[in-house]
Amino acid sequence: MSISRRNFLKASALTAAAAAIGVEPLHKSSVLAAAVQESVVWYKSVCRFCGVGCGVMLGVKDGKPFGIKGDKECPVNKGLLCVKGFYLHRMITAKNRLLHPLVRKNGKLEKASWDEAMDLVASRFKEILEKDGPNALAYYGSGQAQTEETYLAQRLFKGYIGTNNADGNPRLCMASAVGGYTTSFGADEPIGTYKDIEHCNLFLIIGSNTAEAHPVIFDLLVQRKKDSPSCKIIFIDPRKTPTNRIVDLHLQVKPGYDLAIMHAIARQLIKDGYTDEQFIKDSVNFSNGKDPITYDDYKAFLEKYTPEYAAEQADINPADIVKAARMFGESPTAMTMWCMGVNQRVAGVFLNNLIHNIHLLTGKLGKPGCDSFSLTGQPNACGGVREAGGLCHILPGHRLVANEQHRKVVAEIWKTSPDKIQPTPGKHTVAMFGAAAKGEIKGMYILCTNPAQSLPNLNKYIPGMKDTFLVVAESFYPTETSKIADVVLPVAFWGEKEGVYGCTERRSQHLAKALNPSGESRWDGDVIVDLAKRMGYGKGFEHFKGPEDVWSEYQKTTAGTDMDLSGATYDRLKKVRGLTWPVPDTSHPGTWHRFTEGDPYFPKDKAGNRRMYFYAKPDGKAVIFARPDKGPEEPVSAEYPVVLTTGRILEQWHTMTMTGQIPELVRANPVPYAELNPDDAKLWGIKNRDKVKIITRRGLLTVKAKVIDRTRKGTIFIPWHWPESLTNILTIDAVDPGSFEPEYKVAACQVAKA
Amino acid sequence: MIIASMIVTTQKGMAEEVALQLKRVPNLTTHGVYKGDNIIVVMEAEKEEELVNMSRYLMNEFEDILGTYPTFMASEDEVDEIEEK
Ligand code: SF4
Chain A
98 MSISRRNFLK ASALTAAAAA IGVEPLHKSS VLAAAVQESV VWYKSVCRFC GVGCGVMLGV
158 KDGKPFGIKG DKECPVNKGL LCVKGFYLHR MITAKNRLLH PLVRKNGKLE KASWDEAMDL
218 VASRFKEILE KDGPNALAYY GSGQAQTEET YLAQRLFKGY IGTNNADGNP RLCMASAVGG
278 YTTSFGADEP IGTYKDIEHC NLFLIIGSNT AEAHPVIFDL LVQRKKDSPS CKIIFIDPRK
338 TPTNRIVDLH LQVKPGYDLA IMHAIARQLI KDGYTDEQFI KDSVNFSNGK DPITYDDYKA
398 FLEKYTPEYA AEQADINPAD IVKAARMFGE SPTAMTMWCM GVNQRVAGVF LNNLIHNIHL
458 LTGKLGKPGC DSFSLTGQPN ACGGVREAGG LCHILPGHRL VANEQHRKVV AEIWKTSPDK
518 IQPTPGKHTV AMFGAAAKGE IKGMYILCTN PAQSLPNLNK YIPGMKDTFL VVAESFYPTE
578 TSKIADVVLP VAFWGEKEGV YGCTERRSQH LAKALNPSGE SRWDGDVIVD LAKRMGYGKG
638 FEHFKGPEDV WSEYQKTTAG TDMDLSGATY DRLKKVRGLT WPVPDTSHPG TWHRFTEGDP
698 YFPKDKAGNR RMYFYAKPDG KAVIFARPDK GPEEPVSAEY PVVLTTGRIL EQWHTMTMTG
758 QIPELVRANP VPYAELNPDD AKLWGIKNRD KVKIITRRGL LTVKAKVIDR TRKGTIFIPW
818 HWPESLTNIL TIDAVDPGSF EPEYKVAACQ VAKA
Chain B
5 MIIASMIVTT QKGMAEEVAL QLKRVPNLTT HGVYKGDNII VVMEAEKEEE LVNMSRYLMN
65 EFEDILGTYP TFMASEDEVD EIEEK
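Which chain is which? The protein sequence lines are A and B, in order.
For the first sequence, the positions run 98 to 851 when my numbering is used.
For the second sequence, the positions run 5 to 89 when my numbering is used.
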């Protein structure tokens, strides 16, 4: 019997949908689907976009990408994908794939051979090294690079060239979360995992449009609310977003003024008796940021933060603060989730600390349904950059460049001299590009990221990037950064290389190589090893034949640390749907909660009767910080009376290097726009779709007005994706003094009809 | 012509009502409510971009829709008739 293509496709569509939610195929369609997919080979991988870490299956037919489906066996997404993830395979064959090296000649980028390009990079880097020393060179990496790639780059720059000017773009998104975790708990990354969502009855979401930025986590929250009628969600954010659809209480705060609210919640929790006094006694110290203080000192510090004071700061209703505190206190379980609205602030680390404070006060940590759980923007910001030493102050395995013992251990594994690794942190991202602008950094290798669009206050940094000898390893051309590079190296894209990604919940997952690299592109790791050899460091790199060798060496740097990956061998990772570290041996199933029973490093002897022992702290106690309620760097003024905040939308991702290749995604929101509150628009005489000028102390941008009841009065929101309209010429480059993360989320601006 | 499917999730108890409303949306057919509040929908459209547009449209226009998760998409023109086995 023959059926039409249309009926066949409908049947396949129904089968796929049924499979994704785990119901029986709706009719005989499964037989048909199986028929057409006979020749399709499916490879297990992980989504290339956000930090949720959804498992995907990449289908390959006749050597070409055929399609994507959610991996039903992956515990993260159980088969579900958002619209971005669904188009992943299309990026592999996008028209803008870079297929051969480019070298700038007479001002123009021209096609070159790999030998010519690599010889040029190696000779220029050597020349700079000899003349100006190692700190005239820099590496700028990415939370999208695979762990093996980040590890190799750190090894070359920190261990052989001898500079700690090796940072990564998670500096722009996650560094404040790192600072928060390390200061409060002693070690980076969350204590719990996504599994806690299934047990949680109170979610506090701060500074995250989860529905659009992390849609699959949003679905987990939706499902939890449905399964548990008593489950409630509190939302602290300056905008109304699709996330509001499941929210029970929204505190629509003035951007940059939410620290006082967290203190007021803490104060209320104490006053209402919701604290876990035994937990505090056993597992908590108090600090004012410089010196230890007592619990009573902390209580006295909090007295200033009445609901009325905090409400006045944030311009909200004080009763809502009391309500939020009581909801948090009354619920036996609680998870706080946050993202860039908390991290991209000059008080980002402080705000992270204040989130941890309320969990420490109530003991809502390290048990089912409880965690202070930072959401991650990039797919391997945790696994690659935070774990494999991809920031200028760290080494692989959560180790520090400033720690002599750490340098020794890592140098031995790297087969280099410990003296080669400098004992002081290198330049963080903004300082690194600042040094390039001043001519202090003369050569830079940029891997898989687009700082000429993503840095704040762009006009200040682009001239310096143009003057620096800039090498960009990228899969797509052009990007704003590759356009101004001296050498552009074509590298394999997702699906064309093997590696590991580590997502938000400490889960390391293997990505299979399903296809050969396009054109002349090569695996990034191979290119770094090649550069090392051409620079004369061949002996230290000759044993790396492929990603598995790199991973196996990297595992050694994690052995015995709080993020032990010894048991996560390639063999094992290829079979399982990821492992949540610590996973100290190959029979270990992975860890749900850290610092408590079940964590293989939980020191029962030291802990005694304590439920949690924060073993990365000297006395096993976490810290509650009495931090000042610091406001934004650039508050509004008579001259710049409107708050500008920036962010993301569902269909696009970061600088559109990838999603910009998919016309279907681009057309969903084709033109750059600014969201204006309807009352403001009326006041300013601006109608929907009018062109508006946004002016800050740093630049001017003209975009379309979208008049919509989302932002607070006096606040505008601009998504930052479009390369033809660089939002970051407006943003401020002031950084958090602890994390050095810039304050993308708050700037003062003027708005006028164009 | 493309054919695509997605899961549409709704507020608790609203799936049947939303599914009824979706029947009025051109090019969309609903195929039942499953596991509480998941509606399976199939869409036929001229271009692939319609899937994203539809997803955005559903999120914007229906307050009770909480998420749209695509599960399948293929073009009718790609392959000729297929024999059922
Ligand atoms: S939620 Fe994130 S990881 Fe999951 S499919 Fe969407 S973009 Fe990919």
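All residues carry an ideal CB built from backbone N, CA and C; glycine is no exception.
Alpha carbon of residue i to alpha carbon of residue j, nearest angstrom
i        : j        : result
A:Gln502 : A:Lys653 : 15 Å
B:Val12  : B:Met47  : 12 Å
A:Ile625 : A:Leu544 : 10 Å
A:Ser663 : A:Gly256 : 22 Å
A:Phe105 : B:Phe76  : 13 Å
A:Thr808 : A:Arg442 : 18 Å
A:Asn440 : A:Ala611 : 35 Å
A:Ala114 : A:Tyr184 : 16 Å
A:Ser273 : A:Gly445 : 5 Å
A:Lys842 : A:Glu213 : 43 Å
A:Ile303 : A:Ile721 : 19 Å
B:Pro74  : A:Lys594 : 26 Å
A:Glu731 : A:Arg795 : 12 Å
A:Leu366 : A:His495 : 33 Å
A:Leu346 : A:Val848 : 30 Å
A:Asn298 : A:Ile362 : 18 Å
A:Asp293 : A:Cys467 : 6 Å
A:Tyr651 : A:Gly176 : 30 Å
A:His453 : A:Ser836 : 16 Å
A:Ile333 : A:Asp621 : 40 Å
A:Glu245 : A:Pro729 : 37 Å
A:Lys329 : A:Ile455 : 17 Å
A:Val739 : A:Val800 : 16 Å
A:Asp264 : A:Gly536 : 18 Å
Contacts that residue i makes with chain A (C-beta to C-beta distance below 7 Å)
i       : result
B:Pro74 : Leu178, Val180, Phe183
B:Leu70 : Val319, Arg342, Ile343
B:Met63 : Pro339
B:Ala8  : Ala110
Neighbouring residues, chain B, relative to residue i (Cβ below 7 Å)
i        : result
A:Ile118 : Ile11, Tyr38, Lys39, Asn42
A:Asp216 : Chain B residues near A:Asp216: none, gap ~43 Å exceeds 7 Å.
A:Phe315 : Gly71
Interface flag, residue i vs chain D, CB-CB below 9 Å
i        : result
A:Gly167 : Included in the structure are the protein chains A and B, with no chain D among them.
Neighbour-count burial assignment, residue i, 16 or more Cβ in a 10 Å radius
i        : result
A:Val768 : exposed
A:Leu196 : exposed
A:Leu780 : exposed
A:Arg336 : buried
A:Asp285 : buried
A:Met98  : Residue placement at A:Met98 is flagged as unreliable, the pLDDT there being 42, under the threshold of 50; a coordinate-derived value is accordingly withheld.
A:Asp668 : exposed
A:Pro715 : exposed
B:Leu62  : buried
B:Glu87  : Bear in mind that the predicted position of B:Glu87 carries a pLDDT of just 36, short of 50, making it too unreliable to give a figure here.
A:Asp316 : buried
A:Met271 : buried
Own chain partners of residue i with C-beta closer than 7 Å, once the 5 adjacent residues on each side are dropped
i        : result
A:Lys228 : none
A:Lys810 : Asn774, Asp776, Asp777
A:Thr372 : Leu366, Leu458, Thr459
A:Met632 : Ala219, Phe222, Lys223
A:Trp211 : Pro198, Glu617
Chain-ordered chain A contacts of residue i [CB-CB under 8 Å]
i       : result
B:Lys27 : Those within 8 Å of B:Lys27 in chain A number zero; the least Cβ separation is about 16 Å.
B:Ala23 : Here the premise fails: no neighbours, minimum Cβ distance about 13 Å.
Sequence-distant residues of the same chain with beta carbon closer than 6 Å to residue i, five excluded per side
i        : result
A:Val137 : Gly156, Lys158, Phe163
Sequence-distant residues of the same chain with beta carbon closer than 8 Å to residue i, five excluded per side
i        : result
A:Asp682 : Ser663, Gly664
A:Ala411 : Leu348, Val350, Lys351, Tyr354, Asp355, Ala357, Ile358
A:Lys630 : Phe638, Glu639
A:Tyr710 : Ser380, Phe692, Thr693, Phe699, Pro700, Lys703, Ala704, Gly717
Partner residues on chain B for residue i, Cβ-Cβ distance less than 8 Å
i        : result
A:Pro312 : Gly71, Tyr73
A:Lys323 : Lys16, Gly40, Asp41
Near the ligand ADP: residue i beta-carbon under 8 Å from a heavy atom
i        : result
A:Cys436 : Absence of the ligand ADP from the depicted structure is noted, with the ligand SF4 being the only ligands included.
(message) If we require 3 or more residues per run, which beta strand (DSSP E) segments fall completely within the segment 297-349 of chain A?
(response) Note on the segment 297-349 of chain A: whole beta strand (DSSP E) runs with a minimum of 3 residues are 299-303, 329-333, 346-348, in chain order.
(message) For a minimum of 3 consecutive residues, which ranges assigned as the beta strand (DSSP E) are wholly contained in the segment 20-44 of chain B?
(response) 32-38
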